[in-house]
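Mapping the sequence shown onto my numbering, position 12 (from 1) lands on 31, and the numbers just tick up by one.
Before any comments, here is the structure.
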Amino acid sequence: MRLPYQPALLRLLHGAAAMLVILALITGFWVYNTYDKRWGSLALPTLEDIQGIHGTIALTFLLLLPVFALYSFRLGQRRLLEEHSLHQLKQMNRPAGWVALHRLANTVMLIATTFAVITGRMMKEEWLPAGEVNRAWYQAHLVAWLCVFISLALHVLLGAKVGGVPLLLSMFKWNVRDDDQPRSWLRGFKLNPASSLLKGIEIIVFGGIGLAFLLPVFNS
């Protein structure tokens, strides 16, 4: 089975982001399972510092998110939703329609993770141990968790639909071509997004990342 080649920088950033998102989803559910349980629970062991573990993973992801988002909008824009993709979404009986849907899922994933880091940063650790599970920011963070979970599932499933197993496995290849060294990683970097639609989405994502850093300062 021949695997397509993915840029080394993409594999590096995508791998780190994927690992952090999956860990954040798992530990986020563990926090809910420990303090909330209103919509069901699992028999997971109690971890005293599960909130701290989840917060550390989430903060690490927040620090990585601007870099990953910059790569997505300036080097990996062909994997995101563009204006012509909106027309292709009407052609689900053709491969182009599925490619457009995959790009939509990738784009929604960026927005969902941005929503998650904003709402997570606005929570306080003392709320859940005190039983304050109806706080607006916590409720919003639960919705964000669900959005990230769904968009991640769609990202993987549609990736398999568009490129099959070879596309999924190609993100885990270790080999690097001679012409894909760090000095060439920014080749093709665009100063502006490819379309006005991507520009608008980029403003939403980077604006949200900025809020995630700034809002807690005013919420202390």
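Don't be surprised by glycine CBs; every beta carbon is placed ideally from N, CA and C.
For clarity, every value in this text was computed on a predicted model and none was experimentally measured.
Residue i and residue j closer than 7 Å at C-beta
i, j, result
"R140", "A36", "no"
"L44", "F80", "no"
"D199", "A27", "yes"
"H121", "L177", "yes"
"L165", "Y90", "no"
"A124", "V167", "no"
"A88", "V224", "yes"
"R30", "M128", "no"
"P85", "I228", "yes"
"I76", "L42", "yes"
Where the alpha helix (DSSP H) containing residue i begins and where it ends
i, result
"Q107", "102-107"
"T46", "27-54"
"A88", "69-93"
"M111", "Looking at the DSSP string, M111 is not in any alpha helix (DSSP H), and its letter there is neither H nor E."
"Q158", "155-189"
"E221", "215-237"
Supposed close pair residue i, residue j - CB separation, criterion 8 Å
i, j, result
"W117", "T138", "The pair is not a contact, with the Cβ atoms about 31 Å apart (cut-off 8 Å)."
"F237", "L94", "Rounded, the Cβ-Cβ distance is 34 Å, inconsistent with contact."
"L244", "P23", "Any answer about residue 244 is impossible in this case: the structure gives the chain only from 20 up to 239."
"H73", "G34", "About 20 Å; that fails the 8 Å criterion."
"L210", "Q96", "That pair is no contact at about 12 Å."
"A163", "A131", "7 Å"
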